[in-house]
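Chemist: Heads up: the sequence shown begins at 507 in my numbering, then just goes up one per residue.
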Amino acid sequence: MFSRQFLPLALAVGLSVLFTNGLSSCQSKGSTATETAANSAIDSSGSATAAEKSTAKTTGKNTPTASDRNTGSPASIPANKIANAATILARPQVPILCYHQIRDWRPSDSKSAKDYIIPVAAFREQMKMLADSGYHTVLPDQLYAYLATGAPLPSKPIMLTFDDGDLDQYTVAAPELEKHGFKGAFFIMTVAIGRHGKQPYMDKTQIKDLSDRGHTIGAHTWDHHNVKKYQGDDWKIQIEEPKAKLEAIIGKPINYFAYPFGLWNKQALPELQQRGYAAAFTLADKRDDSMPLYTVRRIIAGGQWKATTMYRNMIQSFD
Numbered sequence: 507m508f509s510r511q512f513l514p515l516a517l518a519v520g521l522s523v524l525f526t527n528g529l530s531s532c533q534s535k536g537s538t539a540t541e542t543a544a545n546s547a548i549d550s551s552g553s554a555t556a557a558e559k560s561t562a563k564t565t566g567k568n569t570p571t572a573s574d575r576n577t578g579s580p581a582s583i584p585a586n587k588i589a590n591a592a593t594i595l596a597r598p599q600v601p602i603l604c605y606h607q608i609r610d611w612r613p614s615d616s617k618s619a620k621d622y623i624i625p626v627a628a629f630r631e632q633m634k635m636l637a638d639s640g641y642h643t644v645l646p647d648q649l650y651a652y653l654a655t656g657a658p659l660p661s662k663p664i665m666l667t668f669d670d671g672d673l674d675q676y677t678v679a680a681p682e683l684e685k686h687g688f689k690g691a692f693f694i695m696t697v698a699i700g701r702h703g704k705q706p707y708m709d710k711t712q713i714k715d716l717s718d719r720g721h722t723i724g725a726h727t728w729d730h731h732n733v734k735k736y737q738g739d740d741w742k743i744q745i746e747e748p749k750a751k752l753e754a755i756i757g758k759p760i761n762y763f764a765y766p767f768g769l770w771n772k773q774a775l776p777e778l779q780q781r782g783y784a785a786a787f788t789l790a791d792k793r794d795d796s797m798p799l800y801t802v803r804r805i806i807a808g809g810q811w812k813a814t815t816m817y818r819n820m821i822q823s824f825d
């Protein structure tokens, strides 16, 4: 099935199940389920404007320009200019949303699957709400510069991220983002590039097109293997080779990584750093107190949330 001849049979079977179900277990148990329970009593009837309270105390222009979006790349910031962990942790967090499949629900989708499969109309509603509420999207380079050096961000910054590389992220999400002047970060699982079937994935041309249109491409491992279980050649197969493959596709450095299931351990952080990643993204988890750039928090935008519910959950999580 895959080019890795040593891939254990059990893992191959497990991957087959994941692909069949569109990677239904991509989210961590500590993100959607916990936050949904914690926020189930939140009233979703109010407007975003009424509930508004910006969490990132930033300065800068109200309307970011193209140059704003391309400043602060890791290579442009000397190591001696990067703040210490305590300073980085003290900076107000920027809200970061994580999306997976963006498609209408199927009769076969389970209740838990609907937590991360967001219907097209709901996604459009969320993007419109963010635009109408005055949010400006930032990309990982901007976030990195802000966290590492205190560089200014546009008013009301937010980051929109997409995991796995599903085709609907290209055909549905990207056009909707661009309609509002938004940009996103797309974390690609390289084993699935160009794969077709019940849940198709982006091919190389589409991935490069997203990059050429100003979106960020990041790595999401080769086959979605849990980072906490890596040993031996796993670091090369899951971390190094996907980075190199994506760099060859887009012709640009791949500086950012998203953990499958949002799961990580302390051992992984220096491994990512040594392999050329500048930052890495988890889900709704505590940040590491010594390497916070490699445990940047996100929350999954629940597929069953109204736009106003998503807004309130986002504010609560990043306050």
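C-beta: ideal position from N, C-alpha, C; glycine also. From a predicted model like this one, the values you see are computed outputs, not experimental measurements.
Could you spell out the range, first to last residue, of the alpha helix (DSSP H) harbouring Leu-603?
Modeler: By 1-based counting over the sequence shown, the position of residue 603 is 97. Element bounds for Leu-603: not the alpha helix (DSSP H) but the beta strand (DSSP E), 602 to 605.
Chemist: Return the residue from the list Asn-761, Ile-760, Ala-786 and Pro-584 that minimises the CA-CA distance to Ser-655.
Modeler: Walking along the sequence shown from the start, residue 655 turns up at place 149. In the sequence as displayed, the identity of residue 655 is Thr instead of Ser. It is Pro-584 whose Cα lies nearest to the Cα of Thr-655.
Chemist: Exposed or buried, Arg-719, counting other C-beta atoms within 10 Å across all chains shown (16 or more means buried)?
Modeler: Locating residue 719 in the sequence shown gives position 213, where the first residue counts as 1. Arg-719 comes out exposed.
Chemist: Going by beta carbon distance, what residues of the same chain come within less than 7 Å of Ser-717, once the five residues before and after it are set aside?
Modeler: As a working note, residue 717 is residue 211 in the sequence shown. Ile-723, Ile-756 and Lys-758.
Chemist: List the DSSP bridge partners of Gly-724.
Modeler: As a position in the sequence shown, residue 724 is number 218, starting the count at 1. DSSP lists Phe-693 as partners of Gly-724.
Chemist: Check whether the region 707 to 717 and the region 641 to 660 are in contact - that is, three or more C-beta pairs closer than 8 Å.
Modeler: No contact exists between the region 707 to 717 and the region 641 to 660.
Chemist: How about Leu-778 and Ile-745: are their beta carbons less than 9 Å apart?
Modeler: Translated into positions along the sequence shown, residue 778 becomes position 272. Translated into positions along the sequence shown, residue 745 becomes position 239. Yes, the Cβ-Cβ distance between Leu-778 and Ile-745 is below 9 Å.
Chemist: In angstroms, rounded to a whole number, what distance separates the CA positions of Met-797 and Ala-591?
Modeler: By 1-based counting over the sequence shown, the position of residue 797 is 291. By 1-based counting over the sequence shown, the position of residue 591 is 85. Computed Cα separation, rounded: 6 Å.
Chemist: Shortest alpha-carbon distance to Gly-671 belongs to which of Ala-784, His-730 and Val-600?
Modeler: Within the sequence shown, the letter at position 165 stands for residue 671. Measuring from the Cα of Gly-671, the nearest candidate turns out to be His-730.
Chemist: Here's the rule: buried if 16 or more other CB atoms are within 10 angstroms of the residue's CB, otherwise exposed. What is Asp-496?
Modeler: The chain is shown only over 507 to 825; residue 496 falls outside these bounds and no answer can be derived.
Chemist: Taking the beta strand (DSSP E) that Thr-711 falls in, what are its first and last residues?
Modeler: In the sequence shown, counting from the first residue as 1, residue 711 sits at position 205. That residue, Thr-711, is in no beta strand (DSSP E); its alpha helix (DSSP H) goes 710 to 718.
Chemist: Evaluate the contact criterion for the region 690 to 702 versus the region 731 to 742: three or more CB pairs, one atom per stretch, below 8 Å.
Modeler: No: the two stretches stay apart, fewer than three of their Cβ pairs being nearer than 8 Å.
Chemist: Figure out for me which residue from Tyr-817, Pro-776, Gln-822 and Ser-823 has the closest Cα to the Cα of Ala-628.
Modeler: For the purposes of this step, residue 628 is taken as the residue at position 122 of the sequence shown. Ala-628 has its Cα closest to that of Tyr-817, out of Tyr-817, Pro-776, Gln-822 and Ser-823.
Chemist: Using the Cα positions of Ala-725 and Tyr-762, report the straight-line distance between them to the nearest angstrom.
Modeler: Residue numbering aside, residue 725 sits at position 219 when the sequence shown is read from its first letter. Residue numbering aside, residue 762 sits at position 256 when the sequence shown is read from its first letter. One C-alpha to the other measures close to 6 Å.
Chemist: Mind listing, in chain order, the continuous beta strand (DSSP E) runs of no fewer than 3 residues lying wholly within the region 655 to 689?
Modeler: Those beta strand (DSSP E) runs which fall completely within the region 655 to 689 and span 3+ residues are 663 to 670.
Chemist: How big is the Cα-Cα spacing for Thr-815 and Asp-739?
Modeler: Your numbering for residue 815 matches position 309 in the sequence shown. Your numbering for residue 739 matches position 233 in the sequence shown. Taking the straight line joining both Cα atoms gives about 43 Å.
Chemist: Mind checking whether the beta-carbon of Lys-710 lies closer than 8 Å to any heavy atom of the ligand FMN?
Modeler: Inclusion of the ligand FMN in the displayed structure is not the case, the ligand content being empty and no account of it being possible.
Chemist: Measure the C-alpha to C-alpha separation of His-606 and Glu-682 and round it to an integer number of angstroms.
Modeler: For the purposes of this step, residue 606 is taken as the residue at position 100 of the sequence shown. For the purposes of this step, residue 682 is taken as the residue at position 176 of the sequence shown. In a straight line, the C-alpha of His-606 is about 15 Å away from that of Glu-682.
Chemist: Would Asp-794 be called buried (16 or more neighbouring beta carbons within 10 Å of its own) or exposed?
Modeler: As a working mapping, residue 794 is identified with position 288 in the sequence shown. Asp-794 should be labelled buried.
Chemist: Out of curiosity, what's the CA-to-CA distance linking Lys-840 and Ser-614?
Modeler: Outside the shown range of the chain, which is 507 to 825, sits residue 840, and nothing can be said about it.
Chemist: Strictly by DSSP, which residues pair up with His-642?
Modeler: Along the sequence shown, read from residue 1 onward, the residue named residue 642 stands at position 136. DSSP lists Pro-663 as partners of His-642.
Chemist: To the nearest angstrom, report how far apart Gln-822 and Arg-803 are at their CA atoms.
Modeler: Taking the first residue of the sequence shown as position 1, residue 822 is located at position 316. Taking the first residue of the sequence shown as position 1, residue 803 is located at position 297. Taking the straight line from one Cα to the other gives about 13 Å.
Chemist: Name the DSSP beta bridge partners of Val-626, please?
Modeler: Here residue 626 corresponds to residue number 120 of the sequence shown, with the count starting at 1. The partner list for Val-626 (beta bridge, DSSP) is empty, contrary to what the question assumes.
Chemist: Might you give, ordered along the chain, the residues of its own chain that have their beta carbon closer than 7 Å to the beta carbon of Asp-669, omitting 5 neighbours on each side?
Modeler: Locating residue 669 in the sequence shown gives position 163, where the first residue counts as 1. The answer, listed in chain order, is Cys-532, Cys-604, His-606, Phe-693, His-726 and Ala-764.
Chemist: Can you name the residues that DSSP bridges to Val-802?
Modeler: Counted from its first residue, the sequence shown places residue 802 at position 296. Looking at the DSSP assignment, Val-802 forms a beta bridge with Phe-787.
Chemist: Leaving out five residues on either side along the sequence, give the residues of the same chain with a beta carbon under 7 Å from the beta carbon of Ala-813.
Modeler: Mapped onto the sequence shown, residue 813 falls at position 307. Hits under 7 Å: Glu-631, Gln-632 and Met-635.
Chemist: Grouping DSSP H, G and I as helix and E and B as strand, with all else coil, what is Ser-591?
Modeler: Residue 591 sits at position 85 when you count from the first residue of the sequence shown. Per the sequence shown, residue 591 should be read as Ala rather than Ser. Correct three-state label for Ala-591: helix.
Chemist: Nearest-angstrom Cα distance between Pro-660 and Gly-690?
Modeler: Counting from 1 along the sequence shown, the entry for residue 660 is found at position 154. Counting from 1 along the sequence shown, the entry for residue 690 is found at position 184. The alpha-carbon atoms of Pro-660 and Gly-690 are separated by roughly 15 Å.
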